[in-house]
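Residue numbers (my numbering): 191 to 614.
Here the structure is laid out as structure tokens; the discussion comes afterwards.
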Ligand SMILES: Nc1nc2c(ncn2[C@@H]2O[C@H](COP(=O)(O)OP(=O)(O)OP(=O)(O)O)[C@@H](O)[C@H]2O)c(=O)[nH]1
Ligand SMILES: [Mg+2]
């Protein structure tokens with residue numbers, strides 16, 4: 191089966207903790223601080239790979255965890271960093287953070303690397319905090335946690351041209367006649383179950399990529415036939431080649447076919463109808479096709495139709511040139527519509543550093559990315575470290591804000607899962 195969606199839990203490595211350490215040497219009573227920094231946690235990086243065509247691998251990989259950074263050591267030694275993990279994904283993979291619903295990455299180029307989950311930074315050791323006034327700091331930072339979330343992966347095939355039409359109109363026959371792609375061809379409907387890509391060389395040196403897509407039927411936008419799963423691939427193509435069986439082998443009316451397919455495209459996404467369409471009358475080698483073509487032109491008023499026979503390779507060169515010229519006209523490849531989400535552990539400067547939320551139990555919660563980050567970096571088993579945290583949040587104005595809300599000495603205040611007693 192063709193797999194074009196997958197879910198995976200991503201967990202980047204935590205940063206290693208900084209440590210508190212003092213230099214020791216024979217006959218030296220107490221040396222300077224020399225606690226090193228923790229190593230950064232490993233990132234999870236997705237890499238675009240043109241050789242891959244499905245997300246099948248992710249069905250065996252439910253969870254990707256990058257290694258943590260090591261803690262810092264004495265003698266100013268840094269902890270080793272967690273190695274980043276590189277995962278190959280097919281071109282056209284869109285990654286969504288399912289916890290927030292935001293698009294994280296859209297991988298469209300071979301070799302393109304996107305950090306989809308950033309490892310936490312290592313905490314600084316006590317040697318980092320030494321200065322002329324404070325020569326023997328006895329606190330350090332903990333490492334930041336790595337980014338983690340449930341990711342949804344979706345593959346949207348990238349091609350210049352999408353072959354669109356009812357089942358059995360000859361889409362696969364066409365791609366196999368104009369490129370080296372060899373999809374299955376047969377007289378029954380839905381022979382093609384997954385998109386095939388083929389590179390077409392124009393005799394004048396140009397080339398383009400064609401996607402042979404599974405057939406559409408009425409109601410596809412509602413999920414009938416192979417449904418929406420493949421309509422979405424058409425979103426990524428620059429032009430549409432609309433293939434019609436002009437011989438009406440299956441007993442349908444070609445005019446009806448044409449209208450129904452356009453109706454499906456429009457119902458799925460209005461923008462699909464804005465894409466340039468080249469209309470191809472196929473199976474012109476069969477009896478009745480010429481008459482049907484005249485009738486088609488009359489009924490629709492469309493004159494610009496390319497008549498071919500994919501099976502007997504009639505008029506294929508004209509089609510190829512026509513596609514290449516049209517692609518030249520629509521040179522601008524639609525850029526990915528998504529802005530990459532900042533998957534980093536970051537906060538915007540202009541953002542409120544914190545907000546106070548009154549919970550049902552009457553306790554104030556101090557929330558906000560900045561305050562939570564400070565909190566995660568604090569080692570609560572170490573008094574000086576806690577004092578430093580208290581000073582940092584006082585400097586941010588948390589104490590004043592709480593007092594304004596009427597919080598008094600001895601009242602409980604929460605940050606993340608921790609409860610504190612409020613003291614001035
Ligand atoms: N005579 C004739 N038969 C053709 C032509 N093109 C395709 N066929 C036949 O039509 C049938 C369907 O062809 P396919 O290429 O599998 O059609 P498709 O559009 O890919 O069909 P699905 O994958 O089911 O959507 C096959 O039996 C082909 O041999 C043509 O130009 N002339
Ligand atoms: Mg086919």
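We put the beta carbon where it would ideally sit given N, CA and C, even for glycine.
From a predicted model like this one, the values you see are computed outputs, not experimental measurements.
Query: Reduced DSSP category for residue 215 - H, G, I as helix; E, B as strand; rest coil; Result: strand
Query: Bounding residues of the beta strand (DSSP E) (the contiguous stretch that carries residue 590); Result: Element bounds for residue 590: not the beta strand (DSSP E) but the alpha helix (DSSP H), 588-594.
Query: Residues of its chain near residue 597, where Cβ-Cβ distance is below 8 Å and the 5 sequence neighbours each way are ignored; Result: 554, 603 and 612
Query: Beta-carbon proximity list for residue 516, same chain, < 7 Å, skipping 5 on both sides; Result: 429, 466 and 468
Query: C-alpha gap between residue 239 and residue 370, whole angstroms; Result: 20 Å
Query: Residue 175, buried or exposed, once every other Cβ within 10 Å from all chains shown has been counted against 16; Result: For the chain, the structure presents residues 191 to 614; residue 175 sits outside this window and is missing.
Query: Best match in 196, 470 and 257 for proximity to residue 310 [C-alpha to C-alpha]; Result: 257
Query: Residues bridged to residue 352 [DSSP beta-bridge criterion]; Result: 401 and 430
Query: N-terminal and C-terminal residue of the alpha helix (DSSP H) that residue 515 is part of; Result: 506-519
Query: C-alpha gap between residue 573 and residue 329, whole angstroms; Result: 8 Å
Query: Host alpha helix (DSSP H) of residue 385 (start-end); Result: Neither: residue 385 is in no alpha helix (DSSP H) and is coded neither H nor E.
Query: 7 Å Cβ cutoff met for residue 313 and residue 207; Result: yes
Query: Straight-line Cα distance separating residue 241 from residue 295; Result: 19 Å
Query: DSSP bridge partner residues for residue 239 (one or two, in chain order); Result: 280
Query: Three-state class that DSSP yields for residue 555 in the structure shown; Result: strand
Query: Residue 476 beta carbon near ligand 1 (any heavy atom closer than 6 Å); Result: yes
Query: Cut-off 7 Å between Cβ atoms - residues of its own chain near residue 397, not counting five sequence neighbours on either side; Result: 389, 390 and 391
Query: Three-state class that DSSP yields for residue 482 in the structure shown; Result: helix
Query: Own chain partners of residue 531 with C-beta closer than 7 Å, once the 5 adjacent residues on each side are dropped; Result: The pLDDT assigned to residue 531 is 36, lower than 50, so where the model puts this residue is not dependable; a value taken from the coordinates is nonetheless given after this. 287, 292, 293 and 294, listed in sequence order.
Query: DSSP-derived helix/strand/coil call for residue 339; Result: strand
Query: Option in 440, 501 and 425 with minimal Cα separation from residue 364; Result: 501
Query: Coil, strand or helix - residue 268 by DSSP; Result: coil
Query: Where residue 562 falls: helix, strand or coil (DSSP); Result: helix
Query: Where the beta strand (DSSP E) containing residue 608 begins and where it ends; Result: 608-611
Query: Environment of residue 432 [buried if 16+ CB atoms lie within 10 Å]; Result: buried
Query: Short Cβ contact (7 Å threshold) for residue 315 with residue 231; Result: no
Query: Given residue 285 as reference, the closest of 272, 236 and 562 once Cα atoms are compared; Result: 236
Query: Residues bridged to residue 664 (per DSSP); Result: Given that the chain is displayed from residue 191 to residue 614, the structure contains no residue 664 and the question cannot be resolved.
Query: For residue 362 and residue 381, believed in contact at Cβ under 8 Å, the rounded distance; Result: 6 Å
Query: DSSP state of residue 305 mapped onto helix, strand, coil; Result: strand
Query: Buried versus exposed call for residue 520 [16 or more other C-beta atoms within 10 Å across all chains shown]; Result: exposed
Query: Euclidean distance between Cα positions of residue 195 and residue 246; Result: 9 Å
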